[in-house]
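One structure is given below, encoded as structure tokens.
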Amino acid sequence: MQFTAEQLKVMDSIIARYPRSRSAIMPLLHYVQSIDGYVTPRGIEVIAGKLDLATAEVTAVSTFYTQYRSEPAGEYHVGVCINTLCAVMGGDAIYESVSEHLGIENHETTKDGKVSLERIECNAACDYAPVVMVNWEFYDNQTPQSVKDLVDAARAGNPPAPTRGPNKLRSWKENSEVLAGISDGLYNEGVSAGEASLRGLKISKGEK
Amino acid sequence: MTKLTPVLSANWDEKDSFTIAGYQRAGGYKALTKALAMEPDAVIQLVKDSGLRGRGGAGFPTGSKWGFIPQGDNKEHYLVVNADESEPGTCKDMPLLMANPHVLIEGMIIASYAIRANYAFVYIRGEVAHVVRRVQQAIEDAYKAGFLGKNIGGKGFDLELVLHVGAGAYICGEETALLDSLEGFRGQPRLRPPFPAIAGLYAKPTVVNNVESIASVPAIIQNGVEWFQAMGTEKSKGFTLYSLSGHVKNPGQFEAPLGITLREILELAGGVREGHQLKFWTPGGSSTPMFTAEHLDVPLDYEGVSAAGSMLGTKALQIFDETTCVVRAALRWTEFYKHESCGKCTPCREGTWWLVQMLQDLEDGKGTEEDLAKLLDLCDNIAGRSFCALADGAVAPIISSLKYFRSEYLEHQKNGGCPFDPVASTNFAAVKS
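And the structure:
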């Protein structure tokens, strides 16, 4: 199956952002994932063709970065932070319980294709530990129970909204398009800053 | 009155702080007008005079970095902002960009004007969809308002600003790995010299700055050098974001003058969580040697932390109380460095695997006292033997935890395993009565 003319046009517009075409390889890989759900052989080929590279050169880049997948992600990709601080604060317990609950291990996807699981490293939200990311949206201050509820609701097609993110959780493919630099217009949704982000500001204003 | 000085975070409690209207209502883009009325060299001089130093970890003077770009060389110059915030414990740039992306963009326009760059990039980590949305929109709105594009402010200055989204690689926070990544390669560090100021992006003169460093520039231009220097200490001027996390009552972002102490920040945050005591903490992320309760009064500025045997780093204050096993903590950080080693240099690529195996044995109670000597010897053969600082960071938690908690390592062996209950350190464990 070929990419559509429309999709090829988007790829050209991504390449046009950069002074040198090869720089577009990362957003193009994100874009391929937004269409195919992972980095497919046809995705590698189209990028190599557009950037005048060997497919091996594109594969070399793709396999270096953990967000590029060689197998499909679930519609909801759940990343549990297991770096030291989150792990200690409960991330290890969350990972174990959700892994058992779903019956899948790290990098696996449920049979219905709905949820995939990953042990992730520090996601720059330590003041909201333990942190879980779903489709790279923030779910702050989680517990084993809250994450089990979250994945159950997601499988039923009704995931809760991210703590700091859009009003409605979008699919993994849809968010991959955002990472390719293609706007979905949802920037206006969600809070400016979470409670912990405002901690010092509020104290300085005499608010608690 | 508190010691806090919200500047970057001053408008984060506004519902529309991330929009161009919200930013301009708070005085945004006025510094740009002021800077564009100055000569580029005068802007560089002003930033040099302010004493602003890099907020991404190394603390290099920002103005000097700009001054290293050769002028009149008939080459393209580039500005690249490092928004690949991934150092464990570090969580300041992402909330900053979510709540106030325009302050970065204004700083980038000013910096690009100063170093005479017509192309600038924000390299942001890929695991933060909503932050990406906010920055992307801010760039679009800055173009629409005429702050980006051709002939900015009618001054004949052109600037294209591109958002580049990473894909999950800690190493890309290292500036030369970031440049390789931005050029479309695997993100692996380059040997220096040449430094990026001479041969950076596409082998052209390039400034790479952290988000917070660049975001601090508009306030300095707007309020002046004296205002900035009134905050901070002798060699560490100004305000900065301290990120407090872990076993504390009220974690979060605290913007304060450089030189504030952990004791003062903890007091503002309500202290360590109820019924517990501080055991160890990092001053600036996991790559900075850990401290203990005896370091509560160390001034958190570049010199103070360094004199006490660590580094200010990213000012990521991760707090661990007495329920936390320090061996478990060191092991988990080491697993992180092993996972994130790019594989270019043998001591780091192989060494981090060895370190994990040894630490796992120690955590499981299978390590001996002899192993501690071997572990330190291994660290000695890894640090300083690679292109970049990842390996130096990898050994920091190990060496520092052995320095302060050697007996705890040995207790694991006596106990035949970890003597700590991991449940007790979670934040959903029942509060100790």
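Chains as they are written, first to last, in this note's numbering: chain C, 1 to 208; chain H, 1001 to 1433.
Ideal placement from N, C-alpha and C gives every residue a C-beta, glycine not left out.
For the beta strand (DSSP E) holding residue i, just list the boundary residues, first then last.
| i | result |
| --- | --- |
| T1427(H) | One point to set straight first is that residue 1427(H) is Asn, not Thr, in the sequence displayed. Unbroken run through N1427(H): none, as it is neither H nor E. |
| F1280(H) | 1278-1282 |
| S1245(H) | 1239-1246 |
| M133(C) | 132-134 |
| S116(C) | 115-120 |
| P1040(H) | Run containing P1040(H): none in the beta strand (DSSP E); it sits in the alpha helix (DSSP H), 1040-1050. |
| F1254(H) | 1252-1257 |
| A1120(H) | 1119-1124 |
| V80(C) | 76-81 |
Can you look up residue i in the DSSP assignment and give me helix, strand or coil?
| i | result |
| --- | --- |
| Q1318(H) | strand |
| D1084(H) | coil |
| C1091(H) | coil |
| G175(C) | Gly is not the amino acid found at residue 175(C); the sequence shown has Asn there. Three-state result, N175(C): helix. |
| E1014(H) | coil |
| H107(C) | coil |
| E1435(H) | Since the first residue shown for chain H is 1001 and the last is 1433, residue 1435(H) is missing from the structure and cannot be characterised. |
| P1196(H) | helix |
| F138(C) | strand |
| R17(C) | coil |
| R1116(H) | coil |
| Y38(C) | coil |
| V1007(H) | coil |
| F1228(H) | helix |
| P160(C) | coil |
| P1070(H) | coil |
| V147(C) | helix |
| L1104(H) | helix |
| L186(C) | coil |
| Y31(C) | helix |
| L1079(H) | strand |
| D152(C) | helix |
| M1001(H) | Any reading at M1001(H) must be qualified, since the residue scores a pLDDT of 49, below 50, and its modelled position is unreliable; the value itself is stated next. If DSSP states are grouped into helix, strand and coil, M1001(H) belongs with coil. |
Does residue i have its Cβ less than 9 Å from a Cβ in chain H?
| i | result |
| --- | --- |
| F3(C) | no |
| L51(C) | yes |
| K202(C) | yes |
| L117(C) | no |
| A180(C) | yes |
| S183(C) | yes |
| E71(C) | no |
| P160(C) | no |
| Q7(C) | no |
| A124(C) | yes |
| D127(C) | yes |
| N167(C) | no |
| E121(C) | yes |
| V61(C) | yes |
| Y76(C) | no |
| L150(C) | no |
Taking the alpha helix (DSSP H) that residue i falls in, what are its first and last residues?
| i | result |
| --- | --- |
| N1223(H) | 1217-1223 |
| V1326(H) | 1326-1340 |
| H101(C) | 92-102 |
| K202(C) | 199-204 |
| E1267(H) | 1262-1268 |
| T1033(H) | 1030-1036 |
| Y1302(H) | 1302-1307 |
Is it the case that the CB of residue i approaches a heavy atom of the ligand ADP more closely than 8 Å?
| i | result |
| --- | --- |
| T1240(H) | Although the ligand ADP was asked about, the structure shown includes no ligands whatsoever. |
Output yes if chain C places a C-beta closer than 9 Å to the C-beta of residue i; else output no.
| i | result |
| --- | --- |
| A1394(H) | no |
| K1432(H) | The predicted model places K1432(H) with a pLDDT of 45, which falls under 50 and marks its position as unreliable, so this point remains unresolved. |
| F1509(H) | Because chain H spans 1001 through 1433 in this model, residue 1509(H) falls outside it and cannot be assessed. |
| T1292(H) | no |
| H1339(H) | yes |
| N1427(H) | yes |
| K1015(H) | yes |
| G1365(H) | no |
| L1278(H) | no |
Members of the region 35-46 of chain C near chain H, C-beta cut-off 8 Å = none
request  = Would you list, in sequence order, the uninterrupted alpha helix (DSSP H) runs of no fewer than 4 residues that lie entirely inside the region 1346-1424 of chain H?
outcome  = 1346-1363, 1369-1382, 1390-1415
ask   = Listed from N- to C-terminal order along the chain, which residues in the region 1142-1175 of chain H have their beta-carbon within a distance smaller than 8 Å of any beta-carbon of chain C?
value = V1162, L1163, H1164, V1165, G1166, A1167, G1168, A1169, Y1170
query = Hey, which unbroken runs of the alpha helix (DSSP H) at 4 residues or more fall wholly within the region 1124-1194 of chain H?
reply = 1129-1144, 1175-1182
task = Check each residue of the region 89-117 of chain C: if its Cβ is closer than 7 Å to any Cβ of chain H, include it; give the result in chain order.
result = M89, G90, D92, A93
key: Near-chain C residues of the region 1118-1137 of chain H (beta-carbon distance less than 8 Å), N- to C-terminal order   = Y1119, R1125, G1126, E1127, V1128, A1129, H1130, V1132, R1133, R1134, Q1136, Q1137
key: Near-chain C residues of the region 1312-1323 of chain H (beta-carbon distance less than 8 Å), N- to C-terminal order   = A1316, Q1318, F1320
key: Interfacial residues, the region 1044-1055 of chain H to chain C, with Cβ spacing under 8 Å   = The residues in question: there are none.
query = Got a sec: which bits of the region 1195-1216 of chain H sit with their beta carbon under 7 Å from any beta carbon on chain C, in order along the chain?
reply = Y1202
request  = Could you list the residues in the region 15-32 of chain C with a C-beta less than 9 Å from some C-beta on chain H, going in chain order?
outcome  = R17, Y18, P19, R20, S21, R22, S23, A24, I25, M26, P27, L29, H30
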